[in-house]
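1 is the number of the first residue of the sequence shown in our numbering; add one for each residue after it. Glycine included, every Cβ here is placed at the ideal spot set by N, Cα and C. Only a predicted model underlies this, so the values are computations on that prediction, with no experimental measurement involved. Heads up, the thing below is written out as structure tokens.
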Amino acid sequence: MKRTLALAFLALGFAVAAFTGCDTFTNRSATQPALIASATSPIADVPVPAGFTMIDSESTSKVVAATGLRFVDHRYRGPDGYLAIVRFYREELPNRGWKFIDQNQVKEEITLRFSKNNEEVAITTWDGVRHGHIRIKIDPAARGK
1 MKRTLALAFL ALGFAVAAFT GCDTFTNRSA TQPALIASAT SPIADVPVPA
51 GFTMIDSEST SKVVAATGLR FVDHRYRGPD GYLAIVRFYR EELPNRGWKF
101 IDQNQVKEEI TLRFSKNNEE VAITTWDGVR HGHIRIKIDP AARGK
């Protein structure tokens, strides 16, 4: 009887470990502490979480000197999941003068949109196999809105 009970507990332990994994990437997203802004974010008023690096081959930016308008399309990869990234931008951008417009989710990809002066920023985030991904896109605000 004791042996059967011990085997049952051992099997239960293995089942729990198999179903929960060893701190899987997605599970960390919801439970980790709040992210902090990197001191070296390439865009002064749109921070990047510490630990994220720009994917240079997939990133572009241009400033029109005469108007100061920015056209930015940056992609980043880092250690944190998309839920923590969403929380980071929902807290950080209003502190930097951006006004929240909306949030949309398609499957496990979330896009946040904010406006400031004559610009809009769309921040899209999703989880990869081993990394969280961020796309920051800044464009002039659409006229007539």
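**Asked** Within this structure, are the beta carbons of residue 99 and residue 114 separated by less than 8 Å?
**Response** Residue 99 is a Cβ neighbour of residue 114, given a cutoff of 8 Å.
**Asked** Does the distance from the C-beta atom of residue 80 to that of residue 33 stay below 8 Å?
**Response** With a cutoff of 8 Å on beta-carbon distance, residue 80 and residue 33 are scored as not near each other.
**Message:** If you reduce the DSSP assignment to three classes, tell me which class residue 95 lands in.
**Reply:** Three-state DSSP puts residue 95 in a helix.
**Asked** Should residue 57 be labelled buried (16 or more other beta-carbon atoms within 10 Å of its own) or exposed?
**Response** Exposed.
**Selection from 45, 74, 46 that minimises the alpha carbon distance to residue 59** = Residue nearest to residue 59 within the set 45, 74, 46 is 74 (criterion: CA-CA distance).
**Item:** residue 88 (DSSP reduced to helix, strand or coil)
**Value:** In the displayed model, residue 88 falls within a helix according to three-state DSSP.
**Prompt:** How is the beta strand (DSSP E) around residue 48 delimited, first residue to last?
**Reply:** Note, residue 48: premise wrong, no beta strand (DSSP E); not H, not E.
**Request:** Below 8 Å on the Cβ atoms is my guess for residue 76 versus residue 53; work out the distance and round it to an integer in Å.
**Result:** Confirmed, about 6 Å.
**Request:** Enumerate in chain order the residues of its own chain whose CB-to-CB distance from residue 120 is below 8 Å, with the five nearest sequence positions on each side excluded.
**Result:** Once the five neighbours on either side are set aside, the close Cβ partners of residue 120 are 101, 113, 114, 138, 139, 140, 141, 142.
**Prompt:** Would the beta-carbon of residue 96 fall within 8 Å of that of residue 45?
**Reply:** At the C-beta level, residue 96 and residue 45 come within 8 Å of one another.
**Contact set for residue 41: own chain, Cβ-Cβ below 7 Å, skip 5 residues either direction** = The beta carbon of residue 41 sits closer than 7 Å to the beta carbons of 47, 48 from its chain, once the five residues preceding and following it are set aside; these are given in chain order.
**Request:** Note down the Cα distance separating residue 78 from residue 66, rounded to an integer number of angstroms.
**Result:** So the two alpha carbons sit approximately 35 Å from each other.
**Prompt:** When we look at the beta-carbon of residue 39 and count the other beta-carbons within 10 Å, is it buried (16 or more) or exposed?
**Reply:** Residue burial is scored here from C-beta neighbours: residue 39 has fewer than 16 other C-beta atoms within 10 angstroms and is therefore classed as exposed.
**Request:** Over the uninterrupted beta strand (DSSP E) stretch that includes residue 63, give me the two end residues.
**Result:** From DSSP, the beta strand (DSSP E) with residue 63 extends over 60-63.
**Identity of the residues DSSP links to residue 132 by a beta bridge** = 78, 127, per the DSSP bridge assignment.
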